[in-house]
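Each protein sequence line maps, in turn, to chains F and U.
Numbering-wise (the working numbering), the first sequence opens with residue 259 and increments by one.
Numbering-wise (the working numbering), the second sequence opens with residue -4 and increments by one.
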Amino acid sequence: MTSSNKYDAIIIGGGHNGLVAAAYLARAGKKVVVLERRHIVGGAAVTEEIFPGYKFTEFSYVVSLLRPEIIRDLELPKHGLKILPLPSTFTPMENGDYLASWDDHDLTRREIYRHSPKDAEAYDEYSRVMARAAKAIKPIINLIPPDPSSLSVRDMMGLLKVGQYAASLKEKELYTIAKLATQSSADLLEEWFETDALKGTKAASGIIGTFLGPRSPGTAYVLLHHYMGEIDGAFRAWGFAKNGSGGVSGSILNAAQALGVEIRVEASVKQVKVRNGSAVGVILENGDEIQSKVVMSAADPKRTFLQFVEDKYLPDDFVTSIKNFRTRGSSGKVNIALSELPNFTALPFEKGHDSVLHRGAVSISPSIDYIERAYDDAKYGQISKRPYIDMIFPSMIDPDMAPPGAHVMSCFVQYAPYDLEGGWNDERRTQLGEAVISTIEEYAPNIRKCIVGMQVISPKDIEAIAGITGGNIFHGELLLHQIFFLRPTPQWADFRTPLKGYYFGASGAHPGGGVMGAAGMLAAKEILKDGNL
Amino acid sequence: MLNLKTTPFHERTSALCQPQNWRKWAGYFVVGSYEHVLDREYWAIRNSAAMIDVSPLIKYIIKGKDAAALLHRVTTRDIHKMKVGQVAYTGWCDEDGKMIDDGTVSRLEEQTFRLTAAEPNLRWLMMNAVDMEVEITEVTDDIAALSFQGPNTRKVLNKVTETSVDELKYFRLMKNEINGIEVTISRTGYTGDLGYEIWMDAKDALKVWDALMEAGADYGITPVGILAMDMARVEAGLFMLDVDYTSTTHAWIESQKSSPFELGLDWTVALDKQGYFVGRRALEKEKREGSAWKMVGLEVDWVGMENIFKRVGLPPQIPGMAVRGSLPILVGNVQVGYASTSTWSPLLKKYIALAHLQKPYYEVGTDVRMEITVEHHRQHAPAKVVKLPFYEPEWKRK
């Protein structure tokens, strides 16, 4: 073996978390290599030209929670990160009207007022309550989850921090958080609003990436995450990245490479090499061996612990608990190349004129019932006949995403269950695409004749292409029993694992999914703290 | 009814200006912002193609045998070295070497120049033209000007111009046609991005506007007001008269005046040029002895600012647009200067400012503190002196 195959750290997986971790380690002067299975890095944050000239932000499609400190520390703007505004959400309604929220507070208030003066007023107060609650729980994101059962100094100090933090909360905030943690989003929203489209659209954000419906308890908590970005004030990183999600990972890649990180693509890891109870490198599928002082996995928890490491190196209860980690994929993605924009009958635009609504998100979420019904189908292993769809038109925000005059459209679809009755095949994929098109057609009748190309991605495809077990976009659902010191499993939420020298820093670790980068950053910091490299 | 003037693009701009956000500029109304939130207009400059009406720029045509000699005498640049088709940015000074105004000189023909200015300068030019064979005409109202800025502008222009602009170099101009209308296109701007300024007869303004809007529809063309441009020009390290410096013609006291060196314009002061020019002796002296002040870039440390806000339980709150207000800069507890414009940079994700600092604090890397107001209390956020510009994409000059 040559010395060029020896590193301080190996990062398995070139998704955004892997790249972030690598960059932070290299920044500390370490020799780092990132091993990526595919021919490109980015993981689920990639942009690919599936049809010539049309760039699809294939899986993830918006930036919302990318941590400001990562943007700063790695100087991502210098490396090409541009977060473009995504100013509105437009919900077409079944009665032919629409409900929109715009980037200007007064415009939005007038719009809600049109539907319900009471809701317009409640909306302001709701936003304030949620923003305050989000501000209250936000410090948790950057905490290393302590193990409440442990007596180690590190965990005790960690618990002390959580305790201090909990004590700093006002009584009212504590109640709000307790309620949010246990309520369903439907119950929460019913308390505030009467307009169906408003409740439906808000509720939708509580189910994204989970296998739950708006009436399932615990979904209210997920709504909170959407207010996190707002507290970052001017710094907020909410929007559509130039060149899609591939633009985000591209900028992290550039930063990592500038710091000296080595990237190897088409380098699929077979196994973590263990000697004397410690991870000492990896063996690739092609048989090559690479040595390192530590190994970090940025893959999903199941791959990380059940595939890369032989069972004998991990405690039985740990393995069982990883096996039980819920990674049920519930959503798919339909990416469409368009010859022209679909025209929504609720707010049509004249050809040759600018369309305001296409610059933002369009949400097919006319009511809570609509989404709950979509969930009913999925519960019994079916694709939703009428799914919840969150669409954006990337080419309207970044004109370089499609040839001049043409457009691309990104549709996030829920529910498309991973465990589909009869299994996923081309026919079922066509069925998912058709469910999306015929649903949109009800609101934008010309959609079909605008389509020049379509890519349907089922949870099985997310698994096969992005390498995420179960095809869950968060590497594991954001359920209350799977967050903070329980993510991915009790006692091992601090990015360390039962195997010495083996670390875990991806969406399946604290604080969870979304193009956030926090897990990669925190894991890298813990690796450096341990000082074994 | 008495009112300010409107620009030749008013018919179009007024129809598009949703928030009725108008600003006064040299006696004209121009659009402050077309939308309620500045984000999209700002990002058009940095990501696609921004249409900015800059018609109120004061413009002079200087023509005649001694046209070059007059500008050579008035400005700090070596005008005799300029080729036809070249544009030069310059300041001009009084006898004490203090700035009167700044703008661009374009050599349209061997003996014809266009000078732009922020404020009227006709009298000053006339005074300097005594016994010269030169004709100076103000053409502000006759020539409409459109600043077309952003990385997609070249592609859009090439769709409508008679001659491709591919060969047009940075700070050069060319005669061209847009849909048969004669225009002059210069590779200039006030944003530090790829960009052009299009000069045309006022009566043709709407036709040019329409042609560009149509050609740019697929390239993210966006009408942009001067508020978004104000953010971009700070990122580009470009200053503004009456905001970042005071003209000697307006200054009440000596300390309000600035020399070109103090504004970081060293590169525009051609002390090696032949003959006399206004302010020469004073500028030579300052060059020898060093400047007492310097305009520099400041980057506010976000974490430091976050900590100050955290003390009162708030996240950092800064305005989403450029602030044209003076903010004291301290080292220790001593004031060593002031910031004249500060802005949040949506692209860099940094709070930045143009600041004027006293010797020796203007050296790059110096740690200073900038005043911020947190819940009605004056606080001081840590900041660092950095090189200008804050942002310079590779395609600006390419």
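Just so it is clear, CB atoms sit at the ideal spot from N, CA and C, and this is done for glycine as well.
If you're wondering where the values come from, they're calculated on a predicted model, not measured in any experiment.
Do the CB positions of residue i and residue j come within less than 8 Å of each other?
i	j	result
U:Gly92	U:Leu260	no
F:Ala279	F:Ala632	no
U:Asn171	U:Glu157	yes
F:Asp635	F:Ile641	yes
F:Pro326	F:Phe493	yes
F:Ser550	F:Ala777	no
F:Asp627	F:Ala462	no
F:Gly734	F:Asp558	yes
F:Ser625	F:Ile650	no
F:Pro475	F:Ile580	no
F:Ala499	F:Ile341	yes
F:Ser359	F:Phe469	no
U:Gly299	U:Pro377	yes
F:Gly618	F:Glu679	no
F:His274	F:Val506	yes
F:Ser794	F:Gly287	The question about residue 794 of chain F has no answer, for chain F in this structure spans 259 to 791.
U:Ser101	U:Ser28	no
F:Val666	F:Ala595	yes
Kindly indicate the opening and closing residues of the beta strand (DSSP E) around residue i.
i	result
F:Lys531	Val527 to Arg533
F:Phe314	Tyr312 to Thr315
F:Phe309	Thr305 to Phe309
U:Ile347	Lys345 to Gln353
U:Asn171	Leu168 to Ile173
U:Asp362	Asp362 to Val369
F:Gly814	This structure does not reach residue 814 of chain F, given that chain F is present from 259 up to 791, and the question cannot be answered.
F:Met554	Glu547 to Ser555
Helix, strand or coil: which one does DSSP assign to residue i?
i	result
U:His245	coil
F:Ile741	coil
F:Thr260	Low local confidence applies: a pLDDT of 49 at F:Thr260 is under 50, so the model's placement there is unreliable, with the coordinate-based value given in what follows. Correct three-state label for F:Thr260: coil.
U:Glu30	coil
U:Tyr214	helix
F:Asn501	coil
U:Phe4	coil
F:Phe469	coil
F:Asn730	coil
U:Phe24	strand
F:His373	helix
F:Arg754	strand
F:Gly276	helix
F:Ala392	helix
F:Trp496	coil
U:Ala44	strand
F:Asn512	helix
F:Asn400	helix
F:Ala674	coil
U:Arg72	coil
Return the first residue and the last residue of the alpha helix (DSSP H) that residue i is part of.
i	result
U:Trp297	Trp297 to Lys305
F:Ser689	The question names Ser, but residue 689 of chain F in the sequence shown is Gln. Note, F:Gln689: alpha helix (DSSP H), Asp684 to Glu699.
F:Arg412	Val411 to Ser426
F:Ser653	Pro652 to Ile655
F:Trp450	Ser443 to Trp450
For the region 339 to 372 of chain U, which residues have a CB atom closer than 7 Å to at least one CB atom of chain F, in sequence order? Trp339, Leu342, Leu343 and Lys344
Which runs of the alpha helix (DSSP H) spanning at least 4 residues fall entirely within the region 100 to 134 of chain U, listed in chain order? 117 to 123
Note down, in chain order, all residues in the region 182 to 212 of chain U with a beta-carbon under 7 Å from any beta-carbon belonging to chain F. none
What residue ranges within the region 573 to 622 of chain F form continuous beta strand (DSSP E) runs of no fewer than 3 residues, ordered along the chain? 589 to 596 and 619 to 622
Output, in sequence order along the chain, the residues in the region 31 to 56 of chain U whose CB is closer than 8 Å to any CB in chain F. Here the close residues are His31, Val32, Asp34, Arg35, Trp38, Arg41, Asn42 and Ser43.
Give me the subset of the region 651 to 674 of chain F whose CB atoms are less than 7 Å from a CB atom of chain U, sorted by chain position. Asp656, Pro657, Pro662 and Gly663
Below 9 Å between beta carbons is the criterion; list the residues of the region 408 to 431 of chain F that meet it against any residue of chain U, in chain order. none
Quick one, which residues of the region 496 to 517 of chain F are near chain U if we go by CB-CB under 9 Å, in chain order? Gly497 and Lys500
Got a sec: which bits of the region 713 to 741 of chain F sit with their beta carbon under 9 Å from any beta carbon on chain U, in order along the chain? none
Cβ-based contacts, 9 Å cut-off: residues of the region 305 to 332 of chain F near chain U: Against chain U - using a Cβ distance shorter than 9 Å - the residues of the region 305 to 332 of chain F are Pro326, Glu327, Ile329 and Arg330.
With 7 Å as the limit, tell me which residues of the region 331 to 355 of chain F have their beta carbon closer than that to any beta carbon of chain U; keep them in chain order. Pro335, Lys340, Leu342, Pro343 and Pro345
Can you give me, in chain order, the residues of the region 360 to 386 of chain F that have a beta carbon less than 7 Å from any beta carbon in chain U? Asp361, Asp362 and Leu365
Can you list, in chain order, the residues of the region 147 to 165 of chain U whose Cβ is nearer than 7 Å to any Cβ on chain F? Correct list: Asn147.
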